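Asker: First the structure, then my questions, so here it is.
2 protein chains.
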Amino acid sequence: MSHVGYGCLMAVDREHVLRSAAALLTRRATATMDEVAKAAGISRATLHRQFAGRDALVRALEELGIQECEAALGAARLDDGTAREAVRRLVGEFESAAGLLGFLYTENQLFEGEEQNAGWSRIDARIAALFRRGQESGEFRIDLTPAWLTEALYGLFASGAWAVSEGRVAAKDFQYMIVELLLGGALRREES
Amino acid sequence: MSHVGYGCLMAVDREHVLRSAAALLTRRATATMDEVAKAAGISRATLHRQFAGRDALVRALEELGIQECEAALGAARLDDGTAREAVRRLVGEFESAAGLLGFLYTENQLFEGEEQNAGWSRIDARIAALFRRGQESGEFRIDLTPAWLTEALYGLFASGAWAVSEGRVAAKDFQYMIVELLLGGALRREES
DNA sequence: CCCACATGAGACATGAATGTCTCATGTGGG
DNA sequence: CCCACATGAGACATTCATGTCTCATGTGGG
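Protein chains in written order, with the numbering used here: chain A, 42 to 233; chain B, 42 to 233.
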């Protein structure tokens, strides 16, 4: 047939639905499909036509999260300059995705048995490689493994995003707080 | 009547039930009441006799978590020695409760509207006071707020406990990894 | 103008978890 | 020995989210 896709009536903006769902589920991970639909301004039926079920929706959100992370990783240019500068850029680029990331981070615990999306492994590897680069260049200490630093970064993103949404930390301090704690820790430095 | 409580047949070991539930829910936050009962080695009926419902069970777990945290806070003697030593002791004492803490930390997001247990505020305050003491003594930097350091500590506990349970970090490194990252950060130190 | 089609609204069935109930059982204490 | 009582097993109703269905509507394109 001739009409390839959606020639006449524009289908519901899938992107917008995903964004709305992400924003809602970030705040309340147990939100109903009904609530998700309302949040997106569409009916439950239409939501269901786009995503076969809650499962499919979460998977789509996972894909979205992975895309955002990979976009952030690209924009952060992890190979440029010092490792600490790259970490700073990385956190900045990740900021907008932190909420979604936190949601997916906790949601992953529920999948338990199932194999996790390969995208996360790639992302983990790229972040861990950055920390490894910092270790090899002598910038970072070598007694904290890249795997742990990566994991810790996720944890700080999640708690940071939550603290901001709860009003315990100002949104404008998000990047600074995370970067400074991750890189420098709580102790005062004598040196430069 | 004469028999005050459980004179004859010992009631189901409430403590044991709570421990089992904590262990299970730490791994799978969505576990069924049935599974919780099985994990504790009792029937669902008995579980219901002890805890009016899932809600009551979670509240009881929250109380348990608060108790453990306050016990840990006491054992860590936050007012003794340098603040960094106190932080080290604190993380060590919290280690056994980290899994439960992580569960409750994420579970709290679901309660959304409701007011959170006052116990957490007390605990937050004690931990934040420790960081503040470190700042006032000149040990800790002052540009990271005590509130954020407290929040970050929770996040590191959660991600640390999860990383251990996933096998990405060795259990024996738990305390070291968290303390070193929290206090010293990822950067190498030139000074002592 | 008419048709195609995506949408919204809602009815309906389904499955799962929950909460409540009864009853048989076994053990411990008097 | 007998009674009290906590327990386990299971039946049952209920609630809720979900998935599927139908139908009316409205709009855009031909």
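Glycine residues also receive a C-beta, built at the ideal position from the N, C-alpha and C atoms. Because the structure is a prediction, the values reported are computed rather than measured.
In whole angstroms, what separates the C-alpha of B:R118 from that of B:D165?
Answerer: So the two alpha carbons sit approximately 15 Å from each other.
Asker: Using 8 Å as the limit for Cβ to Cβ distance, is B:M74 near chain A?
Answerer: No, no contact with chain A.
Asker: Name the residue from B:W189, B:A199, B:S178 whose alpha carbon lies nearest to the alpha carbon of A:R209.
Answerer: Answer by Cα proximity: B:W189.
Asker: Figure out for me which residue from B:L185, B:C110, B:R230, B:Y217 has the closest Cα to the Cα of B:L141.
Answerer: Checking every option, the nearest Cα to that of B:L141 belongs to B:C110.
Asker: Tell me whether A:E156 is buried or exposed, calling it buried when 16 or more other Cβ atoms sit within 10 Å of its Cβ.
Answerer: It is exposed - the Cβ of A:E156 has fewer than 16 other Cβ atoms within 10 Å.
Asker: Smallest Cα separation from A:Q216: which of A:R229, A:R230, A:S200?
Answerer: When each option's Cα is compared against that of A:Q216, the closest is A:S200.
Asker: Using the C-alpha atoms, what's the distance from A:N149 back to B:G133?
Answerer: So the two alpha carbons sit approximately 27 Å from each other.
Asker: Is the CB-CB distance between A:L223 and A:A204 below 8 Å?
Answerer: No; because the gap between Cβ atoms is not below 8 Å, this pair is not in contact.
Asker: Spatial neighbours of A:L131 within its chain, please: CB distance less than 6 Å, with the 5 preceding and 5 following residues excluded, ordered by chain position.
Answerer: Once the five neighbours on either side are set aside, the close Cβ partners of A:L131 are A117.
Asker: Kindly provide the ranges of any alpha helix (DSSP H) runs that are 4 or more residues long and lie completely inside the segment 143-212 of chain A, ordered along the chain.
Answerer: Whole alpha helix (DSSP H) segments, 4+ residues: 159-177, 187-206.
Asker: Determine the DSSP secondary structure at A:L114, reduced to helix, strand or coil.
Answerer: A:L114: helix per DSSP, three-state reduction.
Asker: Would a check of beta-carbon distances place A:L228 closer than 8 Å to chain B?
Answerer: Output row for A:L228: interface = yes.
Asker: Helix, strand or coil for B:Y47 per DSSP?
Answerer: The pLDDT assigned to B:Y47 is 43, lower than 50, so where the model puts this residue is not dependable; a value taken from the coordinates is nonetheless given after this. B:Y47 falls in the coil class under three-state DSSP.
Asker: Identify, in the order they occur along the chain, each residue of the same chain with its Cβ nearer than 6 Å to the Cβ of A:I219, setting aside the five sequence neighbours on each side.
Answerer: Answer for A:I219: V132, L197, G201, listed in chain order.
Asker: Excluding the 5 residues preceding and the 5 following A:A169 in the sequence, name in chain order all residues of the same chain whose CB lies nearer than 7 Å to its CB.
Answerer: Only P187, A188, T191 meet the Cβ criterion.
Asker: Can you list the residues of chain A that B:F181 reaches, using a CB-CB cut of under 8 Å?
Answerer: Chain A residues near B:F181: A227, L228, R229.
Asker: So, B:A124 versus B:E180, is the Cβ gap smaller than 8 Å?
Answerer: Against a cut-off of 8 Å, the Cβ pair of B:E180 and B:A124 comes out as a contact.
Asker: Can you tell me whether B:T147 is buried or exposed, with buried defined as 16 or more other CB within 10 angstroms of its CB?
Answerer: Its Cβ being crowded by 16 or more others within 10 Å, B:T147 is buried.
Asker: By a C-beta neighbour count over all protein chains shown, 10 Å radius and 16 as the cutoff for buried, is A:G225 buried or exposed?
Answerer: Counting Cβ neighbours within 10 Å, A:G225 comes out buried, since at least 16 surround it.
Asker: Should A:S162 be flagged as near chain B, meaning a C-beta pair shorter than 8 Å?
Answerer: So, not an interface residue.
Asker: Return the CA-CA distance between A:K79 and A:A62, expressed in angstroms with no decimal places.
Answerer: Their backbone Cα atoms lie some 10 Å apart in a straight line.
Asker: Determine the chain B residues that contact A:S200 at a beta-carbon separation under 7 Å, and present them in chain order.
Answerer: Near A:S200 (Cβ distances below 7 Å), the residues of chain B are E192, A193, Y195, G196.
Asker: Within 10 angstroms of the Cβ of B:T67, are there 16 or more other Cβ atoms? Answer buried if so, exposed if not.
Answerer: Its Cβ being crowded by 16 or more others within 10 Å, B:T67 is buried.
Asker: Under 8 Å, do B:G85 and B:M74 count as touching if we go by C-beta distance?
Answerer: Here residue 85 of chain B turns out to be Arg, not Gly, going by the sequence shown. Contact flag set, yes.
Asker: A:R209 touches chain B at which residues, Cβ-Cβ below 7 Å?
Answerer: Per Cβ cutoff of 7 Å: A188, E192.
Asker: Among residues of its own chain, excluding the 5 on either side of A:G160, which ones have a beta-carbon nearer than 6 Å to its beta-carbon?
Answerer: Excluding positions up to five away in sequence, the list reads I107.
Asker: Counting only Cβ-Cβ distances shorter than 8 Å, please list the residues of the segment 116-137 of chain A near chain B, keeping chain order.
Answerer: Those would be R125, V128, in chain order.
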